[in-house]
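Trainee: Using full-length UniProt numbering, read the first sequence as starting at 1 and increasing by one per residue. Idealized CB from N, CA, C, for every residue including glycine.
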Amino acid sequence: MFSSKDQVLPSYDPTQNHNTLISLSLSLSLTSVITITNQDSRMVRTPCCRAEGLKKGAWTQEEDHKLIAYVQLHGEGGWRTLPDKAGLRRCGKSCRLRWANYLRPDIKRGEFSEEEEDSIIRLHAIHGNKWSAIARRLPGRTDNEIKNHWNTHIKKRLVKKGIDPLTHKSLNGKSSDHTETPPDKSSVHQDDDDQKSNKNNALGSLSARFLNRVANRFDFLMLDESCLENTSFMRELTRILQEDYV
DNA sequence: AACTCACGCAACCGCAGATGC
DNA sequence: CGCATCTGCGGTTGCGTGAGT
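Shown next as structure tokens:
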């Protein structure tokens, strides 16, 4: 049931938030709509790496060794303070990423098998671009790796086969219900403008990120592919959001 | 051999949600 | 309860490399 990621990261249990998620009302989604659409009022956050002189770019062997040694000794977590303690001139975020995507001992390197690719396609049909959710179900593969593989290989292959990688339906235009079709990522910024100028169209042009968040909140309900086919579910969701938003 | 282009992948960035105080 | 900080996630960028000319 648990992926290797969960085993390696005992402090992180993706299932533990479900009760919290259940209690979240759709008004939270409304908040998300407003946040997404109002790019101009985007909150300014302090950069994660305030200190100057922090190294960026490719990691050296020495840095890798330091990070591995530290994590093996102290475990994961405390990424903010880890660089200082481990003697690394790196941002904590960068350390976490390096560990999670490259240094973790359980990471499976090398080409994706056919079975793995099939799983990715199937899981993408259910979860969309929720790479971490997909990664949890593919032991040894990281979300970053899966995301890269999807974008560089699988997506192209599906298009070649005449399958829309976003909807997983035929590109021949058989699908007529666009309410369940996530928007193309390239249209996200344009969509934001549309939403500002036309409130009624807001729901039809939400960003993929927002849809993913909504999907995430319903993750515990969407346990199989039938949910994807369940257009009434999507219509109901749209209706609820519309009621909240308008 | 030199140059350009396309591709793949590691790493970065900015945000949202979780958590701590 | 509200604010600040930390962590995780998805989108994006940019560098290295190999193929093509």
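Would V71 be called buried (16 or more neighbouring beta carbons within 10 Å of its own) or exposed?
Mentor: Looking at its Cβ environment, which holds 16 or more other Cβ atoms inside 10 Å, V71 is buried.
Trainee: Measure the C-alpha to C-alpha separation of K169 and G140 and round it to an integer number of angstroms.
Mentor: K169 and G140: Cα-Cα distance of roughly 29 Å.
Trainee: With three or more C-beta pairs closer than 8 Å as the rule, is the segment 83-94 touching the segment 51-66?
Mentor: Touching, per the Cβ criterion.
Trainee: Per DSSP, which residues does I163 bridge with? Please list them.
Mentor: S170, per the DSSP bridge assignment.
Trainee: For A86 versus A69, is the C-beta spacing smaller than 9 Å?
Mentor: Cβ atoms of A86 and A69: closer than 9 Å.
Trainee: Figure out for me which residue from H74, W79 and L103 has the closest Cα to the Cα of E62.
Mentor: Selected option, being the one with the closest Cα: L103.
Trainee: Using a 10 Å radius around the Cβ and a threshold of 16 neighbouring Cβ atoms, would you call L123 buried or exposed?
Mentor: The residue in question, L123, is buried, as its Cβ has 16 or more Cβ neighbours within 10 Å.
Trainee: Please classify C95: does DSSP put it in a helix, a strand, or coil?
Mentor: Residue state, collapsed to three classes: helix.
Trainee: Where do the ends of the alpha helix (DSSP H) carrying K130 lie?
Mentor: Counting along the chain, K130 falls outside any alpha helix (DSSP H), and DSSP gives it neither H nor E.
Trainee: May I ask you to report which of helix, strand or coil DSSP gives W79?
Mentor: Residue state, collapsed to three classes: coil.
Trainee: Output needed for W79: all residues of its chain with C-beta closer than 8 Å, excluding positions within five of it in sequence on either side, in chain order.
Mentor: Around W79: G92, K93, C95 and R96.
Trainee: For the alpha helix (DSSP H) that contains N151, what are its first and last residues?
Mentor: Unbroken run through N151: none, as it is neither H nor E.
Trainee: Quick one: is P105 buried, meaning 16 or more other Cβ sit within 10 Å of its Cβ, or exposed?
Mentor: So P105 counts as exposed.
Trainee: Measure the beta-carbon distance from I146 to I163 and round it to whole angstroms, keeping in mind my assumption that it falls under 8 Å.
Mentor: Actually they are not in contact, since the Cβ atoms of I146 and I163 sit about 18 Å apart, beyond 8 Å.
Trainee: Could you check if H74 is buried or exposed, using at least 16 other CB atoms within 10 Å of its CB as the buried criterion?
Mentor: Classification for H74: exposed.
Trainee: Span of the alpha helix (DSSP H) holding K66?
Mentor: Where K66 is concerned, the enclosing alpha helix (DSSP H) stretches over Q61 to H74.
Trainee: Hey, out of I107, T60 and E117, whose CA is closest to K156's CA?
Mentor: Of I107, T60 and E117, the residue nearest in Cα terms is E117.
Trainee: Using DSSP with H/G/I as helix, E/B as strand and the rest coil, what is L88?
Mentor: Coil at L88, not helix or strand.
Trainee: Go through its chain and collect everything with a Cβ distance to N144's Cβ below 7 Å, but skip five positions before and after it.
Mentor: The residues are N101.
Trainee: Do you know whose CA, among K161, H149 and K160, lies nearest R109's CA?
Mentor: That would be H149, whose Cα lies nearest to the Cα of R109.
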